[in-house]
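Asker:
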Amino acid sequence: MSKPDLPSSASDTAPDIDAGILDRMIEIRRHLHRHPELSNREVGTQRYLREMLGREGIAEIRDVAGYGLAVDIVGTGRPSNRKVAIRADIDALPIEEESGVDFASENPGVMHACGHDAHAAMGFAVAAHLNRSRDSFGGTVRLIFQPAEEDEPSGGKRVVEEGLLDDVDAAICVHVDPYTPSGKVAVGSGPYTLACDTFDVLVTGSAAHAAKPYEGVDALAVACAMVSELQKIVSRETDPYDPLVISVTAINGGNAYNVTAGKVAFKGTIRSGNDSTRERAWRRLREVLEGVASSHGASVQVDQHRGEPGVVNDAEMTELIIAGAKASIGADNALNMPGWSIADDFAYYSEKRPSVYFRLGIRNEEVGSVYPLHHARFRVDEAALKNGALTLVSAATMFLAGQEGPGAS
1 MSKPDLPSSA SDTAPDIDAG ILDRMIEIRR HLHRHPELSN REVGTQRYLR EMLGREGIAE
61 IRDVAGYGLA VDIVGTGRPS NRKVAIRADI DALPIEEESG VDFASENPGV MHACGHDAHA
121 AMGFAVAAHL NRSRDSFGGT VRLIFQPAEE DEPSGGKRVV EEGLLDDVDA AICVHVDPYT
181 PSGKVAVGSG PYTLACDTFD VLVTGSAAHA AKPYEGVDAL AVACAMVSEL QKIVSRETDP
241 YDPLVISVTA INGGNAYNVT AGKVAFKGTI RSGNDSTRER AWRRLREVLE GVASSHGASV
301 QVDQHRGEPG VVNDAEMTEL IIAGAKASIG ADNALNMPGW SIADDFAYYS EKRPSVYFRL
361 GIRNEEVGSV YPLHHARFRV DEAALKNGAL TLVSAATMFL AGQEGPGAS
């Protein structure tokens with residue numbers, strides 16, 4: 001893939017998004033925040049986004065990946081056969097909101113605690129702006145409003161399986177970042193997120209009277225030992241410069257004060273930075289659990305589930321985001337930063353096409369935007385969203401202005 005022509009200054013290609021579009025972007029973000037929907041259940045979100053896009057005169061909006069949407073904005077300003085995809089995920093999390101915002105979730109136990117409402121709103125702003133300014137660029141921008149980033153079956157994997165990337169040259173996505181100052185864009189080349197796998201464990205012992213635990217095998221005690229021992233795979237067996245995180249996230253067992261637990265189930269996730277570490281973690285998890293069970297006279301069933309790989313940022317696409325940010329929001333707001341330990345099914349896009357995943361800083365203590373992703377008090381500094389939309393528009397149109405023909409890879 002050849003490099004697109006990059007501007008020398010912000011004035012060369014800086015987009016100017018209409019204030020009305022930016023106001024609608026915030027309106028959409030707040031509506032979605034009030035009405036969050038879990039992965040593979042985004043029927044209301046899909047309907048609302050279709051309505052909002054339709055109001056902008058955008059036609060041929062198609063359903064994709066279940067409850068997702070895709071729309072192609074085709075420029076008429078200059079000849080270009082290039083096509084770039086922009087991913088905006090739309091699903092929420094099973095979290096009871098405690099943010100205190102006026103537009104908090106009205107869906108009990110469900111919250112946009114990862115900023116996907118902001119991603120969808122920025123995707124709308126990009127689509128609306130490009131649709132109004134078709135005569136200023138050539139080529140095609142495909143906006144993909146993707147469901148089910150947070151849970152299986154993965155919306156990102158389904159997007160790829162449905163062929164939505166078969167005819168595009170590259171892909172871009174943005175993720176809000178509560179660790180980076182608001183309005184800054186952060187990106188780096190190479191591995192940028194971790195692979196994500198999950199596991200389910202069932203420990204079987206034998207129940208006994210709580211006053212005579214020695215007459216049984218306490219599955220709860222065994223499970224607790226397992227949780228502790230699993231952490232040593234990271235702390236005592238893995239190079240600290242080799243990313244690996246093992247987290248047990250739920251445990252369930254026992255139902256009485258006076259009876260020890262006969263069965264206990266727990267589950268968790270493995271995040272890894274490379275394939276060899278990923279395979280070793282799978283193997284060691286099973287060995288550790290089986291060893292602990294055996295030493296306590298219990299039995300264990302382990303089910304492991306392979307999830308998305310890690311996102312790998314293409315070097316040239318990374319340069320494109322940096323150039324696009326400098327051109328649209330200023331050089332001081334473009335940061336070259338390493339990746340982070342979260343997982344994202346945009347990885348399936350990056351396996352298929354040259355791709356870039358960048359972060360938009362939303363950290364602002366004045367508005368309380370200081371809580372981490374997936375936190376019940378998570379907030380987004382909405383003032384940052386304009387910078388995200390501007391960077392997406394600038395990078396996409398700069399990419400389309402490149403000289404390489406269709407199907408570049």
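Everything in the sequence shown is counted per this note's numbering, starting at 1 for the first residue and increasing by one.
Every residue, glycine too, gets a C-beta built ideally from N, C-alpha and C.
Since the model is a prediction, treat every value here as computed from it, not as a measurement.
(1) Can you give the beta carbon distance from GLN417 to ARG87, rounded, assuming they're within the 8 Å contact cut?
(2) Pull up the distance between the alpha-carbon of HIS35 and that of GLU290, whole angstroms please.
(3) Hey, ALA171 and ARG353: beta-carbon distance below 7 Å or not?
(4) What are the complete beta strand (DSSP E) segments, minimum 3 residues, inside the segment 29 to 68?
(5) Measure from the alpha carbon of PRO462 to the alpha carbon of each residue in ARG78, ASP344 and GLY163, then state which is nearest.
(6) Rounded C-beta distance between SER99 and PHE378? I'm assuming under 8 Å.
(7) Taking the continuous alpha helix (DSSP H) assigned at ASP275, which residues delimit it?
(8) Measure the C-alpha to C-alpha separation of THR238 and ASP177 and round it to an integer number of angstroms.
(9) Just reading off the beta strand (DSSP E) that HIS175 is part of, what are its end residues?
(10) At the level of alpha carbons, what is the spacing between ASP151 and GLY20?
(11) Check whether the Cβ atoms of VAL302 and VAL201 lie closer than 7 Å to each other.
(12) What did DSSP end up calling TYR214 once you bin it into helix, strand or coil?
(13) Which complete alpha helix (DSSP H) runs does the segment 328 to 409 hold, if anything under 4 residues is left out?
(14) Have a look at ALA113 and GLY388 and give me their C-alpha separation to the nearest angstrom.
(15) Where VAL222 and PHE346 are concerned, what is the direct C-alpha to C-alpha distance, given to the nearest angstrom?
(16) Where does ARG306 sit, in a helix, a strand or coil, going by DSSP?
(17) Would you call the segment 209 to 225 and the segment 267 to 287 touching, i.e. three or more CB-CB distances under 8 Å?
(18) From what residue to what residue does the alpha helix (DSSP H) around ASP117 run?
(19) Hey, quick one: how far does the beta strand (DSSP E) through ALA85 stretch, first residue to last?
(20) Helix, strand or coil: which one does DSSP assign to LEU165?
(21) Who does HIS112 pair with in a DSSP beta bridge?
(22) With a threshold of 7 Å on Cβ separation, who are the neighbours of LEU392 within its own chain once the five nearest residues in sequence on each side are excluded?
(23) I'd like to confirm the pairing. Which residues does DSSP put opposite SER206 in its beta bridges?
(24) Could you tell me whether the segment 134 to 145 touches the segment 64 to 83, using the rule of 3 or more Cβ pairs below 8 Å?
(25) Tell me the residue span of the beta strand (DSSP E) that contains VAL264.
(26) Here's a check: name, in chain order, each residue in its chain whose Cβ is nearer than 6 Å to the Cβ of ASP135, leaving out the five neighbours to either side.
(27) May I ask which residues mark the beginning and end of the beta strand (DSSP E) holding VAL245?
Answerer: For this structure:
(1) Because the chain is modelled from 1 through 409, residue 417 falls outside the range shown and cannot be assessed.
(2) The alpha-carbon atoms of HIS35 and GLU290 are separated by roughly 43 Å.
(3) Result yes, Cβ atoms of ALA171 and ARG353 sit closer than 7 Å.
(4) As far as the segment 29 to 68 is concerned, its whole beta strand (DSSP E) runs of at least 3 residues are 62 to 64.
(5) The chain is shown only over 1 to 409; residue 462 falls outside these bounds and no answer can be derived.
(6) That belief holds up - the Cβ atoms of SER99 and PHE378 are roughly 6 Å apart, short of 8 Å.
(7) For ASP275, the uninterrupted alpha helix (DSSP H) segment begins and ends at 275 to 296.
(8) Roughly 27 Å between the two C-alpha positions.
(9) From DSSP, the beta strand (DSSP E) with HIS175 extends over 170 to 181.
(10) Their backbone Cα atoms lie some 34 Å apart in a straight line.
(11) Yes. Within cutoff.
(12) Helix at TYR214.
(13) Runs of the alpha helix (DSSP H) inside the segment 328 to 409: 347 to 352 and 385 to 400.
(14) Using only the alpha carbons, I get a separation of about 18 Å.
(15) Whole-angstrom Cα-Cα distance: 37 Å.
(16) In the structure shown, ARG306 falls within a coil segment according to DSSP collapsed to helix, strand and coil.
(17) Per the Cβ contact rule, the segment 209 to 225 is not in contact with the segment 267 to 287 (fewer than 3 Cβ pairs under 8 Å).
(18) Counted as a single uninterrupted DSSP element, the alpha helix (DSSP H) harbouring ASP117 occupies residues 116 to 132.
(19) Unbroken beta strand (DSSP E) run through ALA85: 83 to 89.
(20) When secondary structure is reduced to three states using DSSP, LEU165 falls in the coil class, being assigned neither helix nor strand.
(21) Note: HIS112 sits in no beta bridge, so no partner.
(22) Sequence-distant partners of LEU392 (beyond 5 residues in either direction) whose C-beta falls short of 7 Å from its own C-beta, in its chain, are ILE86, MET122, VAL126, ILE172 and VAL174.
(23) In the DSSP secondary-structure assignment, SER206 is bridged to VAL217.
(24) Yes, the segment 134 to 145 is in contact with the segment 64 to 83.
(25) Its beta strand (DSSP E) spans residues 263 to 272.
(26) In the same chain as ASP135, and ignoring 5 residues on each side of it, the C-beta atoms closer than 6 Å to its own belong to THR76 and GLY77, in chain order.
(27) First-last of the beta strand (DSSP E) with VAL245: 244 to 253.
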